[in-house]
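*Asks:* The structure's right below; bear with me while I get my questions together.
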Amino acid sequence: MTMPTHRIFTMPFARVYPLYVQKAERKQRPKEEVDRIICWLTGYTPEQLQRQMERGCDFETFFAEAPALHPNGALIKGVVCGVRVETIADPLMRKIRQLDKLIDELAQGRAMEKILRR
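All residue numbers in the sequence shown are consecutive under the working numbering, ending with 138.
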């Protein structure tokens, strides 16, 4: 028996993206920083990121087609939605939660150099 697909996997990335931007902007962080984080994690250029949203691809496709997941993504640790990111077994869910964690750090005012694990 296969595990049911989590709802977030089939949700269009473009539907969640504005929520990331709103979360950052509420804390006076610009949309460009959200884009920079997403591009850092996935390897998309800003143009490719825009195209993925225009295509309406879901999270599963968004991460499956990511040009180059950043090797430092493994350094993203901490708790998102009550779950430790580094202990999530499903690789796709871990990537989604890593992105959530980075956006949380941005909204908490963390320096971009630290968010990007430099």
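Using N, Cα and C, we set each Cβ at its ideal position, and we do this for glycine too. Computed from a prediction, not measured in an experiment: that's the story for all the values here.
Please work out which residues of its chain come closer than 6 Å, Cβ to Cβ, to Lys47, disregarding the five sequence neighbours upstream and downstream, and give them in chain order.
*Replies:* Only Ala127 meet the Cβ criterion.
*Asks:* Output the distance between the C-alpha atoms of Tyr64 and Phe29, rounded to the nearest integer angstrom.
*Replies:* Roughly 19 Å between the two C-alpha positions.
*Asks:* Rank Phe82, Asp78, Gln68 by C-alpha distance to the C-alpha of Arg27 and give the top, closest one.
*Replies:* It is Asp78 whose Cα lies nearest to the Cα of Arg27.
*Asks:* Whole angstroms are fine: how far does the CA of Glu85 sit from the CA of Glu67?
*Replies:* If I take the Cα positions, the gap works out to 14 Å.
*Asks:* Suppose the cutoff is 7 Å on Cβ atoms and the five residues either side in sequence are ignored; what does the same chain contact list for Gly76 look like?
*Replies:* The residues are Pro32, Ala34.
*Asks:* What are the boundary residues of the alpha helix (DSSP H) that includes Glu45?
*Replies:* That run of the alpha helix (DSSP H) goes 33-46.
*Asks:* Which of the three DSSP states, helix, strand or coil, is assigned to Arg104?
*Replies:* Correct three-state label for Arg104: strand.
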